[in-house]
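Counting with the numbering used here, you get residues 2 to 387 for the letters of the sequence shown. Every residue, glycine too, gets a C-beta built ideally from N, C-alpha and C. Reviewing the structure listed below.
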Amino acid sequence: MIPHDVWAEIDLTSISYNVRQIKSLLSAETRLLAAVKANAYGHGLLEVTGQVLSAGADALGVARISEAIEIREGGFDAPILIFGHTPAAVVSRLIDYDLTQALWSYETAGILSDAARARNTKVKVHINIDTGMGRLGILPCDLTRPYEPGHILSDAVKMVEAVCGLPGIEPEGIYTHFAASDEPDKTSALRQFAIFSEFIERLKRKGIEFKIRHAANSAAIIDMPETHLDMVRAGISIYGYYPSRSVDTRKISLRPALTLKSRIIHLKKVGAGFKVSYGGTGETDRPTIIATVSVGYADGYSRRLSSKGKMMIGNCLVPVIGRVCMDQTMLNVGDVPGVRVGDDVVVLGSQNNLPIAVDEIANILNTISYEVLTSIAHRVPREYLR
Numbered sequence: 002m003i004p005h006d007v008w009a010e011i012d013l014t015s016i017s018y019n020v021r022q023i024k025s026l027l028s029a030e031t032r033l034l035a036a037v038k039a040n041a042y043g044h045g046l047l048e049v050t051g052q053v054l055s056a057g058a059d060a061l062g063v064a065r066i067s068e069a070i071e072i073r074e075g076g077f078d079a080p081i082l083i084f085g086h087t088p089a090a091v092v093s094r095l096i097d098y099d100l101t102q103a104l105w106s107y108e109t110a111g112i113l114s115d116a117a118r119a120r121n122t123k124v125k126v127h128i129n130i131d132t133g134m135g136r137l138g139i140l141p142c143d144l145t146r147p148y149e150p151g152h153i154l155s156d157a158v159k160m161v162e163a164v165c166g167l168p169g170i171e172p173e174g175i176y177t178h179f180a181a182s183d184e185p186d187k188t189s190a191l192r193q194f195a196i197f198s199e200f201i202e203r204l205k206r207k208g209i210e211f212k213i214r215h216a217a218n219s220a221a222i223i224d225m226p227e228t229h230l231d232m233v234r235a236g237i238s239i240y241g242y243y244p245s246r247s248v249d250t251r252k253i254s255l256r257p258a259l260t261l262k263s264r265i266i267h268l269k270k271v272g273a274g275f276k277v278s279y280g281g282t283g284e285t286d287r288p289t290i291i292a293t294v295s296v297g298y299a300d301g302y303s304r305r306l307s308s309k310g311k312m313m314i315g316n317c318l319v320p321v322i323g324r325v326c327m328d329q330t331m332l333n334v335g336d337v338p339g340v341r342v343g344d345d346v347v348v349l350g351s352q353n354n355l356p357i358a359v360d361e362i363a364n365i366l367n368t369i370s371y372e373v374l375t376s377i378a379h380r381v382p383r384e385y386l387r
């Protein structure tokens with residue numbers, strides 16, 4: 002095995018702990034779908050899949066059919082819902098691998114129907130209703146106007162009726178996605194849920210019912226129990242992070258599972274006025290020691306952390322000096338006693354309230370933890386702690 006100078010440690014026991022914490026908020030009848038898209042938010046698709054299923058997740062959510070096929074070929078037979086678009090050229094693989102497809106247009110439903118009929122079988126679908134996300138989904142009403150009961154569009158109801166009536170289509174589920182359930186004011190999310198609920202009721206009056214209705218994401222799982230329905234979809238919370246600082250963190254405790262580490266590969270003693278990295282943007286204000294660490298923006302450590310980020314060596318927080326390079330970053334380690342080449346460096350991790358915590362790095366970058374985690378490159382090996 003080739004030793005590495007940058008790696009991500011994934012604590013699988015923390016993943017299991019988080020699943021159990023999430024399930025503690027659910028009724029016994031409510032299923033849990035674990036979102037494992039984007040390489041399980043950077044944590045490793047197959048390893049996390051096995052862990053969440055053994056911890057009690059009932060289904061898996063992915064963005065692309067390639068992710069679903071990888072899970073199936075990894076030996077897992079749990080239900081998998083593909084939220085993204087599946088190209089017409091590969092819809093037969095939905096049947097080959099027993100996959101469930103999200104659906105938001107009659108045209109796509111027709112393609113799926115034809116593929117299923119050709120194989121004398123059915124394709125399971127979950128119909129996406131756009132109640133305010135503005136991304137994918139069937140529009141149930143005019144979302145530019147204030148919501149009032151009774152304003153559901155009959156054309157939307159007819160479209161769902163038509164989809165459900167197609168041969169080869171098994172309409173197992175219906176769902177929506179909240180755009181702002183992680184904000185303190187739940188007015189928008191509650192409006193979306195009211196629209197979704199009325200739309201489902203209109204379909205029910207037409208004799209159309211679904212086995213699995215779902216709306217709640219991580220924030221709504223925590224803050225909006227009335228939205229749990231038949232299934233919830235947990236994403237960022239599976240990996241140990243709250244979706245925002247606005248959710249009620251008292252309801253469950255979560256443990257971040259990932260720590261990104263590197264090593265010092267070079268040290269140099271320098272004087273005051275020494276310039277560091279591209280453009281000479283880093284400059285020492287006194288004699289010190291500069292450490293070069295084997296992690297850069299090609300590994301997922303953002304260039305926007307140049308002269309802003311911090312890393313940890315032992316118990317010492319040390320600043321990034323100069324621009325982050327593609328494969329290396331420099332640190333000012335003059336205050337670290339006994340620092341040596343080969344010392345481990347925590348690049349980002351689970352240390353809450355420290356500048357190396359994922360949420361804190363996200364704040365520096367004016368982004369969210371989701372982006373920080375999913376930016377960790379494929380070339381960074383994952384090591385699993387069990």
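Which of helix, strand or coil does DSSP assign to residue i?
i: Gln52; result: helix
i: Arg256; result: coil
i: Val126; result: strand
i: Met331; result: strand
i: Ser106; result: coil
i: Arg118; result: helix
i: Val91; result: helix
i: Ala378; result: coil
i: Glu149; result: coil
i: Lys159; result: helix
i: Tyr242; result: coil
i: Val373; result: helix
i: Val271; result: strand
i: Ile291; result: strand
i: Val359; result: helix
i: Ile222; result: helix
i: Ile3; result: coil
i: Leu366; result: helix
i: Leu154; result: coil
i: Leu144; result: coil
Do residue j and residue i count as a contact pair if the criterion is CB distance below 8 Å?
i: Thr260; j: Val319; result: no
i: Leu144; j: Gly133; result: yes
i: Leu34; j: Leu61; result: yes
i: Ser295; j: Asp6; result: yes
i: Ser93; j: Gly169; result: no
i: Thr101; j: Pro88; result: no
i: Thr282; j: Phe275; result: no
i: Met327; j: Ala292; result: no
i: Arg264; j: Gly339; result: no
i: Leu366; j: Arg287; result: no
i: Thr31; j: Asp249; result: no
i: His44; j: Ala363; result: no
i: Cys142; j: Ile209; result: no
i: Leu26; j: Ile223; result: yes
i: Tyr176; j: His215; result: yes
i: Asp300; j: Ala378; result: yes
i: Ile66; j: Val91; result: yes
i: Phe77; j: Ala103; result: no
i: Val359; j: Val373; result: yes
i: Ile139; j: Glu173; result: no
i: Leu154; j: Ala110; result: no
i: Arg21; j: Ala56; result: yes
i: Lys123; j: Ala117; result: yes
i: Ile112; j: Val53; result: no
i: Arg192; j: Tyr148; result: yes
Quick one: measure Cβ to Cβ for residue i and residue j, integer angstroms, because I've assumed they're closer than 8 Å.
i: Glu68; j: Ile11; result: Not quite, the Cβ-Cβ distance comes to about 18 Å (not below 8 Å), so this is no contact.
i: Ser219; j: Gly236; result: 6 Å
i: Arg256; j: Asn40; result: Actually they do not touch by this definition, with Cβ atoms about 20 Å apart.
i: Leu95; j: Ile72; result: Leu95 to Ile72, Cβ: 13 Å. No contact.
i: Asp345; j: Lys270; result: The pair is not a contact, with the Cβ atoms about 21 Å apart (cut-off 8 Å).
i: Asp183; j: Ser245; result: 4 Å
i: Lys311; j: Pro356; result: 4 Å
i: Val164; j: Leu204; result: Between Leu204 and Val164 the Cβ distance is about 11 Å, and since that is not below 8 Å, they are no contact.
i: Ile290; j: Val325; result: That belief does not hold up - the Cβ atoms of Ile290 and Val325 are roughly 19 Å apart, past 8 Å.
i: Gly297; j: Gln329; result: 5 Å
Based on DSSP bridge pairs, tell me the residues matched to residue i.
i: Ile139; result: Ile130
i: Gly283; result: Val277
i: Arg264; result: Asp345
i: Leu386; result: Asp12
i: His215; result: Tyr176 and Met232
i: Thr101; result: Leu82
Can residue i be considered in contact with the ligand SAM, in the sense that its beta carbon sits closer than 7 Å to one or more heavy atoms?
i: Tyr243; result: Looking for the ligand SAM in the displayed structure turns up nothing, as the structure carries no ligands at all.
Inside the segment 295-350 only - beta strand (DSSP E) runs reaching at least 3 residues: 311-314, 317-320, 330-333 and 345-349
Segments of 3+ residues assigned as beta strand (DSSP E) that fall wholly inside the segment 12-82: 32-36 and 60-63
Segments of 3+ residues assigned as beta strand (DSSP E) that fall wholly inside the segment 161-210: 170-176
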